[in-house]
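Engineer:
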Amino acid sequence: MDRTNASMTEIDSAIKFSLNFPMGIFELADFTGLDVIHKATIEMYSRDKKVINPHPLIKQLFDQKRLGQKSGTGFYTYVGEKYERINLSEELAKKFNPIQLLGTILNNTAWLITNQVSDIQEIEKALNLGMGLRKPIFETAKQFGLPNVIRELQSLAKNYGGFYEPDSYLISVQS
Numbered sequence: 000m001d002r003t004n005a006s007m008t009e010i011d012s013a014i015k016f017s018l019n020f021p022m023g024i025f026e027l028a029d030f031t032g033l034d035v036i037h038k039a040t041i042e043m044y045s046r047d048k049k050v051i052n053p054h055p056l057i058k059q060l061f062d063q064k065r066l067g068q069k070s071g072t073g074f075y076t077y078v079g080e081k082y083e084r085i086n087l088s089e090e091l092a093k094k095f096n097p098i099q100l101l102g103t104i105l106n107n108t109a110w111l112i113t114n115q116v117s118d119i120q121e122i123e124k125a126l127n128l129g130m131g132l133r134k135p136i137f138e139t140a141k142q143f144g145l146p147n148v149i150r151e152l153q154s155l156a157k158n159y160g161g162f163y164e165p166d167s168y169l170i171s172v173q174s
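Each residue of the sequence shown is one higher than the one before, counting from 0 in numbering that gives the first Met the number 0.
1. What do you reckon, are the CB atoms on Tyr168 and Ala109 nearer than 8 Å?
2. What is the rounded straight-line gap between the Cα of Lys48 and the Cα of Tyr75?
3. For Glu9, which of Ile41, Gln99 and Lys93 has the nearest alpha-carbon?
4. I need the straight-line Cα distance from Pro21 to Lys15, nearest angstrom please.
5. Using only CA atoms, which one of Ile57, Ser154 and Val116 lies nearest to Thr103?
6. Within the continuous alpha helix (DSSP H) that includes Asn127, where are the two ends?
7. In angstroms, rounded to a whole number, what distance separates the CA positions of Ile98 and Thr72?
8. So if DSSP puts Gly67 in a beta bridge, which residue, or which two residues, is it bridged to?
9. With DSSP run on the structure shown, which of helix, strand or coil describes Asn19?
10. Please return the same chain residues whose Cβ sits closer than 8 Å to the Cβ of Glu89, not counting the five positions on each side in sequence.
11. Compute the beta-carbon to beta-carbon distance between Leu100 and Val148, rounded to the nearest angstrom, for a pair I have assumed lies under 8 Å.
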């Protein structure tokens with residue numbers, strides 16, 4: 000959105016259809032609740048600046064009480080009190096390359112491994128059971144080419160700062 004001029008539905012469609020996640024990131028944030036996302040983000044950032052990079056739009060939506068589905072509006076607008084899915088499509092997915100988001104996800108995964116928080120098997124299990132990922136995240140990365148993902152992260156680091164610098168674990172497994 001900020002850097003790519005892609006719409007939320009294009010990004011969410013790419014996350015769902017190109018990366019095979021069960022929901023797009025904006026759809027998931029609205030489902031979870033932007034109050035929860037905001038508070039968790041601030042807490043994680045206060046502990047380690049490399050784990051997450053808080054986006055000012057999350058704070059803005061939180062401050063405006065636009066908390067997602069529970070308030071009727073967040074990133075998207077909802078009608079009624081029933082859970083409602085966002086209309087995403089494979090056609091919209093073709094309009095956005097999710098490699099930057101995949102890179103950030105992989106970098107966070109690699110950080111967990113490098114810092115001995117967890118190992119790859121446990122992380123993949125958590126992503127499958129907790130987030131409903133149908134395919135292991137490193138298998139998804141192979142579709143895009145891990146060297147391509149690392150180059151994308153290096154480009155992001157050059158343009159937007161050290162938060163995006165590829166983790167040493169990612170670099171070690173790229174071949």
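Glycine included, C-beta positions come from ideal geometry on N, C-alpha and C.
Structural biologist: Once the coordinates are examined:
1. In this structure, Ala109 lies closer than 8 Å to Tyr168 by Cβ.
2. Between Lys48 and Tyr75, the C-alpha separation is close to 28 Å.
3. When C-alpha distances from Glu9 are compared across Ile41, Gln99 and Lys93, the shortest belongs to Lys93.
4. Pro21 and Lys15: Cα-Cα distance of roughly 6 Å.
5. Closest option to Thr103, Cα to Cα, is Ser154.
6. That run of the alpha helix (DSSP H) goes Ile119 to Met130.
7. In this structure, the straight-line span from the alpha carbon of Ile98 to that of Thr72 is close to 28 Å.
8. Beta-bridge partners of Gly67 (DSSP): Thr72.
9. Coil at Asn19, not helix or strand.
10. Sequence-distant Cβ neighbours of Glu89 in its own chain, meaning closer than 8 Å and more than five residues away, are Ser12 and Phe16.
11. Leu100 to Val148, Cβ: 10 Å. No contact.
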